[in-house]
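Okay, structure first, notes after.
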Amino acid sequence: MIRFENVSKIYSNNVVALNNVNLHIQPGEFVSIVGQSGMGKTTLAKLIIAEERPTKGKVIIGGWDITRIRHHEIPVLRRQIGVVYQDFKLLPRKTVFENIAFALEVCGASGARIRKIIPQVLKIVGLEDKSRFFPRQLSGGQQQRVVIARSLIHRPKIILADEPTGNLDSINAQEIIHLLVKINTFGTTVVLVTHNHDIVNMLRKRVITMDHGMIISDQQSGKYIL
Numbered sequence: 001m002i003r004f005e006n007v008s009k010i011y012s013n014n015v016v017a018l019n020n021v022n023l024h025i026q027p028g029e030f031v032s033i034v035g036q037s038g039m040g041k042t043t044l045a046k047l048i049i050a051e052e053r054p055t056k057g058k059v060i061i062g063g064w065d066i067t068r069i070r071h072h073e074i075p076v077l078r079r080q081i082g083v084v085y086q087d088f089k090l091l092p093r094k095t096v097f098e099n100i101a102f103a104l105e106v107c108g109a110s111g112a113r114i115r116k117i118i119p120q121v122l123k124i125v126g127l128e129d130k131s132r133f134f135p136r137q138l139s140g141g142q143q144q145r146v147v148i149a150r151s152l153i154h155r156p157k158i159i160l161a162d163e164p165t166g167n168l169d170s171i172n173a174q175e176i177i178h179l180l181v182k183i184n185t186f187g188t189t190v191v192l193v194t195h196n197h198d199i200v201n202m203l204r205k206r207v208i209t210m211d212h213g214m215i216i217s218d219q220q221s222g223k224y225i226l
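If you're matching positions, the sequence shown starts at 1 in full-length UniProt numbering and goes up one per residue.
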């Protein structure tokens, strides 16, 4: 599903973000990528969605070598990957329904398809009664659920969640993680990028620890202890 083969990423001024990373994530896995800030985990996430390109090595997503992906192919790739960020990036003057619809409209979805899909994804995240609410009327946890709903609109094979609980209190953070676990049970591969010890230890799923651009630990049902 996701494979990195001898991948390095070197930025200007010879800043090494990734150093010869080899990684294989199987379809349907739930994997946490952990490490302190600046250790390479966000760069790894950016390579998965082709926001960055490797300096050397190969990045393969679902059998597709995206190492030198063409610009016009990037939207096709990103329909296979639902992305959830720490900041919600919701449009404040649009309702929940309209925020999700906008993501479909820019892809050319018909009105009928939009009306069909949005109730489905809102039900998955438990917000079917909030479709007419504006972001300001929602709690932080509810706003992140809207973001997750939006990430599901293309039925992606992969969910990439980059610090999805960073702006949430512990209760809302746990609810978001439980939701990601629920989505994983549907067969969706989930890659969680985080530095939160408690969440990773609660999950007891595969944990990949990064340090100075390298994978220093890869444990099944592991713990994150630094």
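Built from N, CA and C at the ideal position, the CB exists for glycine as well.
Asked: Identity of the residue in ARG155, LYS89, PRO92, GLU29 nearest GLN120 by Cα; Found: ARG155
Asked: Under 8 Å between C-beta atoms of SER151 and VAL83; Found: yes
Asked: GLY82, DSSP secondary structure in three states; Found: strand
Asked: Local Cβ density within 10 Å of GLN220, reported as buried at 16 or more and exposed below that; Found: exposed
Asked: Reduced DSSP secondary structure (H/G/I, E/B, other) of ASP129; Found: coil
Asked: Distance, VAL15 Cα to VAL200 Cα; Found: 28 Å
Asked: Residue of GLY140, ASN20, SER8, PHE133 minimising C-alpha distance to TYR85; Found: GLY140
Asked: Those residues which DSSP pairs with MET210 across a bridge; Found: ILE215
Asked: Limits of the unbroken alpha helix (DSSP H) element including ASN99; Found: 96 to 105
Asked: Bounding residues of the beta strand (DSSP E) (the contiguous stretch that carries GLY57); Found: 56 to 61
Asked: Beta strand (DSSP E) segment containing residue 228, residue limits; Found: Here the chain comprises residues numbered 1 to 226, so residue 228 is not present and cannot be evaluated.
Asked: Whole-angstrom distance between ALA17 and GLU163, CA atom to CA atom; Found: 18 Å
Asked: Member of ASP218, ILE176, ARG70 whose CA lies at the smallest distance from the CA of ILE148; Found: ILE176
Asked: Terminal residues of the beta strand (DSSP E) in which ASN19 lies; Found: 15 to 25
Asked: Contact check, PHE133 vs VAL96, beta carbons under 8 Å; Found: yes
Asked: Top-ranked residue by Cα proximity to THR189, from PHE30, ASN22, ARG3; Found: PHE30
Asked: Burial state of PHE186 (16 or more Cβ within 10 Å); Found: exposed
Asked: Buried/exposed call for VAL106, threshold 16 Cβ in 10 Å; Found: exposed
Asked: Whole-angstrom distance between ASN6 and ILE183, CA atom to CA atom; Found: 30 Å
Asked: Coil, strand or helix - LEU77 by DSSP; Found: helix
Asked: Where ALA109 falls: helix, strand or coil (DSSP); Found: coil
Asked: Where SER170 falls: helix, strand or coil (DSSP); Found: helix
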